[in-house]
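Asker: Sending over a structure as structure tokens; questions will come in a sec.
There are 2 protein chains.
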Amino acid sequence: MTNTEATEPLLSGSEDPEAQRFTRQSRKRRLRRARSAPCNIIADSPDKNCNIPEPRSESIFGNIHSSFRKVAMYYLILYLGIGSVVFYLVRDQMKGLKINGVLDAIYFTVVTMTTVGYGDIVPDSSLTKLLACAFVFSVMPLVGLILGKAADYLVEKQQVYLVKAMKIHQNVSQREILKKVEVNKARYKFLLAFFLLLIMIIVGTVFLVMVEKLTVIDALYRVCSTVTTLGYGGKSFSTEAGRVFAVVFILAGTISLALMILYIAELNTECQQKAIVKCVLLKKMTILDLEEADLDGDGTVRAAEFIIYKLKEMGKISQEAVSVLMHEFEELDVDQDGTLSVSDLTDHVGNI
Amino acid sequence: MTNTEATEPLLSGSEDPEAQRFTRQSRKRRLRRARSAPCNIIADSPDKNCNIPEPRSESIFGNIHSSFRKVAMYYLILYLGIGSVVFYLVRDQMKGLKINGVLDAIYFTVVTMTTVGYGDIVPDSSLTKLLACAFVFSVMPLVGLILGKAADYLVEKQQVYLVKAMKIHQNVSQREILKKVEVNKARYKFLLAFFLLLIMIIVGTVFLVMVEKLTVIDALYRVCSTVTTLGYGGKSFSTEAGRVFAVVFILAGTISLALMILYIAELNTECQQKAIVKCVLLKKMTILDLEEADLDGDGTVRAAEFIIYKLKEMGKISQEAVSVLMHEFEELDVDQDGTLSVSDLTDHVGNI
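First to last, the protein sequences are chains C and U.
For the first sequence, the residue numbers in my numbering are -1 to 350.
For the second sequence, the residue numbers in my numbering are -1 to 350.
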């Protein structure tokens, strides 16, 4: 969604004079970009209330916007805190394998929050059953928040992958090169998440074999049913050490799986963007396209009109948004000469 | 992502001459839009392989792209089919409350697929445990696909809400009007999904009370732990009718909850777009902005340059994408006069 990466031009080391010209130009533009970035990072913005999402860093967890991470963390801590206290207070109305009052309350809260729901400790009164319902539903807004952020993340990646695919396309201008190593970042992140999950599964299995004395198959089965939040019930974490481990493991395992799913979606986004670039950039401009691209109807297609035309073809912006902004432009263009000048700005004071 | 709605201009019935001028203009542009739509719907596109997502309809389930829906349906049917056959064949290696071979196999498959995992029927051999692991993991790509589509859906809504917020802003040009009824579609859909879920919960509870002879609290508790995929285990669907109902109810309930979460994310998107419009459109253009917006550096800001500048400020497009497309334009502009003309196109044959 935002201008995230200060990506190094791909052409930096190129020998090609055409490419060097482009590099110089993009360097010049990078300097100018400072003020055309989304308004939240403009220091002298007149409206300080803007809360457009900030650019994000690129680490595996840093992908998630930091203020969102704060909200999610507070939510998690509050949820675990309140849940543990509440279920500790009603511990006599729970049935099942009880080991340690406080630990059991935390364990039950985590098992409920992640919707794993083993069933080794379950509510045994109307009050506790209703409490369990309330707690499992109150985690849903957090899931909605996470989904929204995952969508934002994917949108941002759409832009990044679109630009990369376009650059690769331009540098070599051959279809085959779209498969270049350069854009395989999504695959790399997917593999990273996959191995993280694999390590989680191995650690969990080894732990269950060593501490809970399960067979390897049983341990694996239990670990898989944990990270996927399946949790069939039956024999699970039945020692004090086991439950301490479970609290950490369930949270880490479900997050790992969620990350892997996010990166599957990102891989899919990357493929889509490649297809879009392939489709739009390989299509030759025709005279009809020129007519179409001529936004202000003055009979010429300038750079900005060409860019808008291509962005529309790629589905990046809608005709509607262009129309509305065109109207905005016409309002600002007081002398109606088709350009904005300093006099238009001064004539217009106080209107918008 | 695409030009979805052929939205009627909001100003159709307006008395304001300024507004009518805009309506006429947008009607003219709508006619021209036909060819500037994303390339998959251009009949004479030279590249038939384009697979940019098509526009989607607006119904509660029609939100999901139809080809995606087909893939998801095939996946679901194949999954349920294979799962039922496999778990029917190994039914002697399962333990728990068995009622009817075929029904139990379908029931177990659904309970596994949705990660509800009651634990009333569970694997009882190494083979079945590994099978259960394989089945629960093989549903994860589908979850990734759904997440990706949910993100696409939210992106598309971002565009729609941005345009709506801009229109409302322009029509009345007062901050307060951003709260107008017009944009409350997300809230309406959220409420619809909420009531759908509520009805599911009531139907499920009534059914469990009537057929499975549970108390109201127990029934409610079981229904809530089903739709949230918590499934603590313990007493659940123990009659033949109950299991038939469960198969339908678990799928419908989890989908309802997922829809509600999606609409929570959409509500959030709507708020974000309002904030962006508020921030960008209320900000007055300054001379510095004019300099910034002058993309081709010719000293004037034309409509298209203004549009690109505003889109960049809203974070809708990145400077990178603009730079790359600028380069594309320079390649096409053979005579380097800053405009594309018919002669540029003919000189350029075979290059891109």
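Even glycine gets a Cβ: it sits at the ideal position worked out from N, Cα and C.
Return no unless some Cβ of chain U is closer than 8 angstroms to the Cβ of C/Leu194.
Answerer: no
Asker: Among U/Lys155, U/Gly99, U/Gly94, U/Val120, which residue has its Cα nearest to the Cα of U/Ile262?
Answerer: U/Lys155
Asker: With a threshold of 7 angstroms, establish whether the CB of U/Leu212 neighbours any heavy atom of the ligand PLP.
Answerer: This structure simply doesn't include the ligand PLP, nor any ligand for that matter.
Asker: Can you name, in chain order, every residue of its own chain whose Cβ lies under 6 angstroms from the Cβ of U/Gly94, other than the five neighbours on each side?
Answerer: If we look at U/Gly94 and ignore the five residues flanking it on each side, its Cβ neighbours are Asp118, Ile119, Val120.
Asker: To the nearest angstrom, how far is it from the Cα of U/Val134 to the Cα of C/Ser124?
Answerer: 32 angstroms
Asker: Chain U partners of C/Val204, CB-CB under 8 angstroms?
Answerer: Ordered by position in chain U, no residue passes the 8 angstroms Cβ test against C/Val204, which lies about 16 angstroms from the chain.
Asker: Taking the alpha carbon of C/Tyr219 as the point to measure from, which residue in U/Cys131, U/Pro139, U/Gly81, U/His325 has its own alpha carbon closest?
Answerer: Closest by alpha carbon: U/Cys131.
Asker: Measuring only between beta-carbons, confirm whether U/Phe243 sits less than 8 angstroms from chain C.
Answerer: Closer than 8 angstroms: no.
Asker: Beta-carbon within less than 8 angstroms of U/Val353's beta-carbon, same chain only, minus the 5 sequence neighbours each way: which residues are those?
Answerer: Missing from the structure shown is residue 353 of chain U; chain U here goes from -1 to 350 and no further.
Asker: Taking C-alpha atoms, which residue in C/Asp342, C/Asp331, C/Gln91, C/His325 lies nearest to U/Ile166?
Answerer: Each of C/Asp342, C/Asp331, C/Gln91, C/His325 was checked against the Cα of U/Ile166, and the nearest Cα belongs to C/His325.
Asker: Can you check whether the CB of C/Gly229 is closer than 8 angstroms to the CB of C/Tyr105?
Answerer: Against a cut-off of 8 angstroms, the Cβ pair of C/Gly229 and C/Tyr105 comes out as no contact.
Asker: With a CB to CB cut of under 6 angstroms and the five nearest residues on each side skipped, what residues in its chain are close to C/Met312?
Answerer: Ile274, Val278
Asker: Which same chain residues, not among the five before or five after U/Ala352, have their C-beta less than 6 angstroms away from its C-beta?
Answerer: What the structure shows of chain U is the stretch from -1 to 350, and residue 352 of chain U is not part of that stretch, so it cannot be assessed.
Asker: Assign U/Ile97 to one of three DSSP states: helix, strand, or coil.
Answerer: coil
Asker: For U/Leu338, which of helix, strand or coil comes out of DSSP?
Answerer: strand
Asker: Compute the Euclidean distance between the alpha carbons of U/Val320 and U/Gly295, then round it to the nearest angstrom.
Answerer: 14 angstroms
Asker: Taking the straight line between their C-alpha atoms, what separation do you get for U/Leu74 and C/Thr107?
Answerer: 32 angstroms
Asker: Helix, strand or coil for U/Gly92? Go by DSSP, reduced to three states.
Answerer: The identity of residue 92 of chain U in the sequence shown is Met, whereas the question assumes Gly. In the structure shown, U/Met92 sits in a strand (DSSP, three-state: E or B).
Asker: Please list, in chain order, the residues of the segment 294 to 309 of chain C that have any C-beta partner in chain U closer than 7 angstroms.
Answerer: Residues of the segment 294 to 309 of chain C with a Cβ closer than 7 angstroms to any Cβ of chain U, in chain order: Asp294, Thr298, Val299, Arg300, Ala301, Ala302, Glu303, Phe304, Ile305, Ile306, Tyr307, Lys308, Leu309.
Asker: Excluding the five sequence neighbours on either side, which residues of its own chain have a C-beta within less than 7 angstroms of the C-beta of C/Leu255, listed in chain order?
Answerer: Leu195, Val225, Thr226
Asker: Any idea which residues DSSP pairs U/Pro139 with across the strands?
Answerer: BP columns for U/Pro139 are empty, so no partner.
Asker: So, for U/Gly336: in the same chain, excluding its five sequence neighbours on each side, which residues have a beta-carbon less than 8 angstroms away from its beta-carbon?
Answerer: Within the same chain, U/Gly336 has close Cβ partners Asp294, Asp296.
Asker: Over what stretch of residues does the beta strand (DSSP E) that includes C/Ile119 continue unbroken?
Answerer: 119 to 121
Asker: Say whether chain U places a C-beta atom closer than 8 angstroms to the C-beta of C/Val88.
Answerer: no
Asker: Tell me the DSSP secondary structure of C/Val299 in three-state form.
Answerer: Correct three-state label for C/Val299: strand.
Asker: Check whether the Cβ atoms of U/Ile305 and C/Leu323 sit closer than 8 angstroms, and answer yes or no.
Answerer: yes
Asker: Taking DSSP as the reference, what is the three-state secondary structure of C/Tyr116?
Answerer: coil
Asker: Reducing DSSP to helix, strand and coil, say where U/Gly251 ends up.
Answerer: helix
Asker: What three-state label does DSSP hand U/Lys314 in the structure shown?
Answerer: coil
Asker: I want to see whether chain C comes within less than 8 angstroms of U/Ala191, judged by CB atoms only; does it?
Answerer: no
Asker: Is the distance from the Cβ of U/Phe247 to the Cβ of U/Gly202 below 8 angstroms?
Answerer: yes
Asker: Return the chain-ordered list of same chain residues with a C-beta closer than 7 angstroms to the C-beta of C/Val245, the five sequence neighbours on each side being excluded.
Answerer: Ile104, Tyr105, Val108
Asker: Please confirm whether U/Asn266 has its beta-carbon closer than 8 angstroms to some beta-carbon of chain C.
Answerer: yes
Asker: Considering only the beta carbon of each residue, do C/Ala148 and U/Ala70 sit closer than 8 angstroms?
Answerer: no
Asker: Cβ of C/Thr112 within 8 angstroms of Cβ of C/Thr252?
Answerer: yes
Asker: Give the secondary structure of C/Leu343 by DSSP, where H, G and I count as helix, E and B as strand, and everything else as coil.
Answerer: helix
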